[in-house]
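Have a look at the structure below, then the notes.
Residue numbers (our numbering): 351 to 710.
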């Protein structure tokens, strides 16, 4: 069987060129007689892989020198706990922007730690179909937390609030490396790899080194961001295979014109699907408001549950998988991260048109 179009929300499709290179190098990496997953993380060969990934990440994402790039085990859910653990000061006050399920999970971890958590904006009343606007950030907060893209509800920030006297922290798990990033007001940006940047099991936390001063003496060593930053993520054995795969994907992004090129690619292919939804609003009902639409996750329903089920069944026969929506929204969801091709999105758009003709 050949490769299908995988619209899964994550782990997600990866570039075929990257998978092929990893396959070809897997048994004997650079003539070492070993696989990349077998060799020492402190050896010269892996060290070169490790350093190159840092260099490419900083170049491609235009990360200022004030930030450390930290490779950490686990995913974004671990970061939900580490943010309040590392950033809360004496006042232990934080502001959270609630735009869906992942925001709520981050909020729960702050509450567990006794943080005075203020929900400074929310779109809960509309089942999270838009990004709140305006967002007024009160003074006196230790940090503000936002989720840049919401995989379940299909919404995405176009710009972020700029807190006057607090640190902005952003969960970028599902749109990391999909477009240029404005670093001016960011203190920490973090992301799990498994949407746009590699296999699951690792997070990247990009941390302003000034924030290490906030760490408390009773914070365990492995829960401190400084442990990773001051040791180039080599304090303990890092997720070596994930770092290797991340490096290959960074090379792939670089070859596509960097984040500017990838952003154009993502805008173009998303438009193919949104155009079908907009042209047929009585049959395909989009969940997110137009000004908040995600370029990564397109959420919609057919006009009946019966048609949703038929759509899933027939699309799978046409080589498209992972299109079932999350139970919070129902219906359908097309996750079209960086590695989803223009051809894949066109195939889905063409299927949507054909399905409408037969069932409208």
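Positions of the beta carbon are idealized from the N, C-alpha and C atoms, including for glycine.
Look at residue i and residue j and say whether their C-beta atoms are less than 7 Å apart.
i: residue 644; j: residue 544; result: no
i: residue 547; j: residue 526; result: yes
i: residue 657; j: residue 709; result: yes
i: residue 723; j: residue 690; result: The requested residue 723 does not occur in the structure, where the chain is confined to residues 351 to 710.
i: residue 633; j: residue 706; result: yes
i: residue 467; j: residue 444; result: yes
i: residue 590; j: residue 391; result: yes
i: residue 355; j: residue 669; result: yes
i: residue 550; j: residue 361; result: yes
i: residue 426; j: residue 523; result: yes
i: residue 419; j: residue 603; result: no
i: residue 479; j: residue 637; result: yes
i: residue 626; j: residue 572; result: no
i: residue 659; j: residue 529; result: no
i: residue 382; j: residue 395; result: yes
i: residue 504; j: residue 648; result: yes
i: residue 465; j: residue 442; result: yes
i: residue 477; j: residue 646; result: no
Say the cut is 6 Å; is the CB of residue i nearer than that to a heavy atom of the ligand HEM?
i: residue 382; result: This structure lacks the ligand HEM; in fact it carries no ligand of any kind.
Per DSSP, what kind of secondary structure is residue i in: helix, strand or coil?
i: residue 711; result: No answer is possible for residue 711: it lies beyond the span of the chain, which begins at 351 and ends at 710.
i: residue 679; result: coil
i: residue 587; result: coil
i: residue 487; result: coil
i: residue 499; result: strand
i: residue 505; result: strand
i: residue 478; result: coil
i: residue 690; result: coil
i: residue 701; result: helix
i: residue 555; result: strand
i: residue 604; result: helix
i: residue 451; result: helix
i: residue 472; result: strand
i: residue 433; result: helix
i: residue 444; result: strand
i: residue 462; result: helix
i: residue 439; result: coil
i: residue 417; result: strand
i: residue 684; result: strand
i: residue 334; result: For residue 334 there is no data in the structure shown, the boundaries of the chain being 351 and 710.
i: residue 423; result: strand
If we count the other Cβ atoms within 10 Å of its Cβ and call it buried at 16 or more, is residue i buried or exposed?
i: residue 492; result: buried
i: residue 642; result: buried
i: residue 422; result: buried
i: residue 430; result: buried
i: residue 366; result: exposed
i: residue 622; result: buried
i: residue 377; result: exposed
i: residue 577; result: buried
i: residue 450; result: buried
i: residue 316; result: A question about residue 316 goes unanswered here, because the residues of the chain that appear run from 351 up to 710.
Please confirm if residue i has its CB atom under 7 Å from at least one CB of chain C.
i: residue 566; result: The chain labelled as chain C is not found in the depicted structure, where only one protein chain is given.
For the segment 615 to 677, which segments carrying the alpha helix (DSSP H) assignment without a break, of at least 4 residues, lie completely within its bounds, in sequence order?
Within the segment 615 to 677, the complete alpha helix (DSSP H) runs of at least 4 residues are 655 to 667.
Do the segment 665 to 674 and the segment 684 to 700 meet, that is, are 3 or more Cβ pairs less than 8 Å apart?
Segments in contact, yes.
Does the segment 529 to 537 come close enough to the segment 508 to 520 to have 3 or more Cβ pairs within less than 8 Å?
Under the Cβ criterion (8 Å, minimum of three pairs), the segment 529 to 537 counts as touching the segment 508 to 520.
Return the chain-ordered ranges of every beta strand (DSSP E) run that is complete within the segment 508 to 544 and spans a minimum of 3 residues.
Whole beta strand (DSSP E) segments, 3+ residues: 517 to 521 and 536 to 542.
Validate contact between the segment 588 to 608 and the segment 363 to 382 using beta carbons, cut 8 Å, 3 pairs
The answer is yes - the segment 363 to 382 touches the segment 588 to 608, with three or more Cβ pairs under 8 Å.
Say whether the segment 434 to 450 touches the segment 554 to 568, bearing in mind that this needs 3 or more beta-carbon pairs closer than 8 Å, one atom from each stretch.
Yes, since at least three Cβ pairs between the segment 434 to 450 and the segment 554 to 568 fall closer than 8 Å, the two stretches touch.
Assess contact between the segment 386 to 403 and the segment 578 to 588, defined as three or more Cβ pairs (one per stretch) separated by less than 8 Å. Is contact present?
The segment 386 to 403 vs the segment 578 to 588: in contact.
3 or more residues per run - each beta strand (DSSP E) lying fully within the segment 361 to 391
Fully enclosed beta strand (DSSP E) runs of 3 or longer: not present.
Answer yes if the segment 478 to 488 comes into contact with the segment 403 to 422, meaning at least three C-beta pairs across the two stretches below 8 Å, and no otherwise.
Touching, no, given that fewer than three Cβ pairs across the two stretches are closer than 8 Å.
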